[in-house]
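Residue numbers (this note's numbering), protein chains in the order written: chain H, 3 to 198; chain L, 19 to 218.
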Amino acid sequence: MWTVRSAAGATWLAGLVLAAAVGCQRPSMPEEERLGESASRRSPAAAVVPREITVEVAGRDEYDRLIASHRGKVVLVDFWSTGCIPCLEQFPHTVALSHKHAEDGLAVISVSLDDVEDRKRVLEQLRAQQATFDNLLSRDGMGVASMKAFDIDGGLPHYKLYDRRGNLRYSFSIDAQQPLEPEDIQRRVMELLTET
Amino acid sequence: MCQRNVFVLGLVLLTVVLLVPGAFGGKYNKAIDVGDKGPAWEQLEGVDGKQHSLGDLKAAKLVVAVFTCNKCPVAVAYEDRLIEFARDYKDKGVALVAINPNGTENLEQMKERAEKKDFNFPYVYDATQDVARGYGATCTPHVFVLDGKRAVAYMGAIDDKLSDPKEHYLRDAVDALLAGDEPDTTETRQFGCSIKWKKQ
């Protein structure tokens, strides 16, 4: 029985089959660089430059420009809200990743779904979390408009991962199909950092 | 060799997928689609100490199931709206049921919350999280309106914004259904805190 969704699904699958067929002709990938080894050879005194913690009100346009400005780096985006306890619990893992892989080429962006009027509270939370990376505050607050603007399906916290060419490679909340642990996010970050 | 095998596999998958109803879920729901029968919950314990099943609500014109919890500030902020909704629609044959699917919460906390806010609707505990999984619930709050045949007629967000909402999706959907019409909007993006899933 052909519904709109079945037809869409069929088109998607046909495209997948085509892509896979084309993909078989790609040359084999070079060996992965071992990030762990290179990190241990690096000087332990490599200083983290102190950076003022700020937050900018933004919509999708500003967000896209910010992602593009990090071309050449892997970008991890953490979508959160001060009104979301699971988000506040997971945020330290995002901060840890930003420190651990800064020199490997990881850029981190946080996007808060809070009211613009609550900017001060958002900034307080970012300071408490030591979020020394790019921080945005959705101008549409906590609601359907923000979810739509940033293509968020599911609950918060929500994460997106862009590769060094600026392509969106992962977009995920923590849902029933994939109860993710912080290690799973780290693994995906590593995957994109080491691919050529 | 590689190309042909992939092509054949793709065709097989395509065939399988087309034959499976609801294989793609809704726009923002991986488990079910608008029009699918809402999975029935059986014997969920409520804060009133009784067991609750969807079948108990046969007499209701519509059933509104909302996944919510005690600790997510977003869900808590919507409690007052749910209380108002129950008050406005109870006598119109609409049964509201709140379901807590959070792996880190328990019935005792739910009882405290229900008493404190004087909930005017059943508040039941989805201990195994099977009901939440069956509905494709992803966050709290996440609402599902079931029509007279208990098929999903609307699912997603209660309204369009936590503070100062302009679109009242749940009420609009319910009003349309009570008038014998289809809702204009049948699915929206739900927003709130992710449900805490227990490791299986």
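Every residue, glycine too, gets a C-beta built ideally from N, C-alpha and C. Just so it is clear, the structure is predicted and the values come from calculations on it, not from any experiment.
1. Enumerate in chain order the residues of its own chain whose CB-to-CB distance from residue 179/H is below 6 Å, with the five nearest sequence positions on each side excluded.
2. Going by DSSP in three states, residue 176/L sits in which element: helix, strand or coil?
3. Count the other C-beta atoms from every protein chain shown that fall within 10 angstroms of the C-beta of residue 77/H, then say buried if there are 16 or more, exposed otherwise.
4. Do you know how far the Cα of residue 185/L is from the Cα of residue 108/H?
5. Are the C-beta atoms of residue 192/H and some chain L residue less than 7 Å apart?
6. Measure the beta-carbon distance from residue 161/H to residue 79/H and round it to whole angstroms, keeping in mind my assumption that it falls under 8 Å.
7. Over the uninterrupted alpha helix (DSSP H) stretch that includes residue 103/L, give me the two end residues.
8. Listed from N- to C-terminal order along the chain, which residues in the stretch 134 to 157 of chain L have their beta-carbon within a distance smaller than 9 Å of any beta-carbon of chain H?
9. Just mark residue 182/L as buried or exposed, buried being the case when its beta carbon has 16 or more other beta carbons within 10 Å.
10. Would you please verify whether the beta carbon of residue 87/L is less than 7 Å from any beta carbon of chain H?
11. Rounded C-beta distance between residue 130/H and residue 179/L? I'm assuming under 8 Å.
12. Whole angstroms are fine: how far does the CA of residue 128/L sit from the CA of residue 170/H?
13. To the nearest angstrom, how far is it from the Cα of residue 88/H to the Cα of residue 104/H?
14. Less than 7 Å between CB atoms is the rule here; does residue 180/L satisfy it with respect to chain H?
15. On the three-state DSSP scale, how would you describe residue 158/L?
16. Let me check understanding here. Comparing Cα to Cα, which of 117/L, 122/L, 92/L lies closest to residue 61/L?
17. If residue 132/H sits next to residue 84/H, beta carbons under 8 Å apart, how far is it from one beta carbon to the other, in whole angstroms?
18. Would you please state the rounded distance, in angstroms, between the beta carbons of residue 192/L and residue 112/L? I believe it to be under 8 Å.
19. Quick one: which chain H residues come within Cβ less than 9 Å of residue 194/L?
20. By the three-class DSSP mapping on this structure, what secondary structure does residue 114/H have?
In short, the structure shows the following:
1. Mapped onto the first sequence, residue 179/H falls at position 177. A distance below 6 Å between beta-carbons, with the five flanking residues on each side excluded, links residue 179/H to no residue of its chain.
2. In the second sequence, residue 176/L corresponds to position 158, counting from 1. The answer is coil: DSSP assigns residue 176/L none of H, G, I, E or B.
3. The residue labelled residue 77/H in the question sits at position 75 within the first sequence. With 16 or more other Cβ atoms within 10 Å, it is buried.
4. Here residue 108/H corresponds to residue number 106 of the first sequence, with the count starting at 1. Here residue 185/L corresponds to residue number 167 of the second sequence, with the count starting at 1. Rounded to whole angstroms, the separation of the alpha carbons of residue 185/L and residue 108/H is 39 Å.
5. Along the first sequence, one-based indexing puts residue 192/H at 190. No, residue 192/H does not count as interfacial toward chain L.
6. Indexing the first sequence from 1 puts residue 161/H at position 159. Indexing the first sequence from 1 puts residue 79/H at position 77. Yes, they are in contact, since the Cβ atoms of residue 161/H and residue 79/H sit about 7 Å apart, within 8 Å.
7. The residue you call residue 103/L lines up with position 85 of the second sequence. Taken as a continuous stretch (DSSP letters only), the alpha helix (DSSP H) holding residue 103/L covers 91 to 107.
8. 147, 150, 151, 154, 155, 156, 157
9. For the purposes of this step, residue 182/L is taken as the residue at position 164 of the second sequence. It is exposed - the Cβ of residue 182/L has fewer than 16 other Cβ atoms within 10 Å.
10. For the purposes of this step, residue 87/L is identified with residue 69 of the second sequence, where counting begins at 1. So, not an interface residue.
11. What you label residue 130/H is simply residue 128 of the first sequence in a count that begins at 1. What you label residue 179/L is simply residue 161 of the second sequence in a count that begins at 1. With 8 Å as the limit, residue 130/H and residue 179/L do not qualify as a contact, their Cβ atoms being about 26 Å apart.
12. Taking the first residue of the first sequence as 1, we reach residue 170/H at position 168. Taking the first residue of the second sequence as 1, we reach residue 128/L at position 110. Cα to Cα, the separation comes out at about 40 Å.
13. Here residue 88/H corresponds to residue number 86 of the first sequence, with the count starting at 1. Here residue 104/H corresponds to residue number 102 of the first sequence, with the count starting at 1. Taking the straight line from one Cα to the other gives about 24 Å.
14. In the second sequence, counting from the first residue as 1, residue 180/L sits at position 162. Chain H, which has a Cβ nearer than 7 Å to the Cβ of residue 180/L, makes this yes.
15. As a position in the second sequence, residue 158/L is number 140, starting the count at 1. If DSSP states are grouped into helix, strand and coil, residue 158/L belongs with the strands.
16. For the purposes of this step, residue 61/L is taken as the residue at position 43 of the second sequence. Residue 117/L is the option with its Cα nearest to residue 61/L.
17. In the first sequence, the residue the question calls residue 132/H occupies position 130. In the first sequence, the residue the question calls residue 84/H occupies position 82. Not really, about 16 Å apart at Cβ, beyond 8 Å.
18. Counting from 1 along the second sequence, the entry for residue 192/L is found at position 174. Counting from 1 along the second sequence, the entry for residue 112/L is found at position 94. Sure, about 6 Å apart at Cβ, within 8 Å.
19. Here residue 194/L refers to the residue found at position 176 of the second sequence. Neighbours of residue 194/L on chain H: none; closest Cβ ~18 Å, over 9 Å.
20. Indexing the first sequence from 1 puts residue 114/H at position 112. When DSSP states are grouped into helix, strand and coil, residue 114/H belongs to the strand group.
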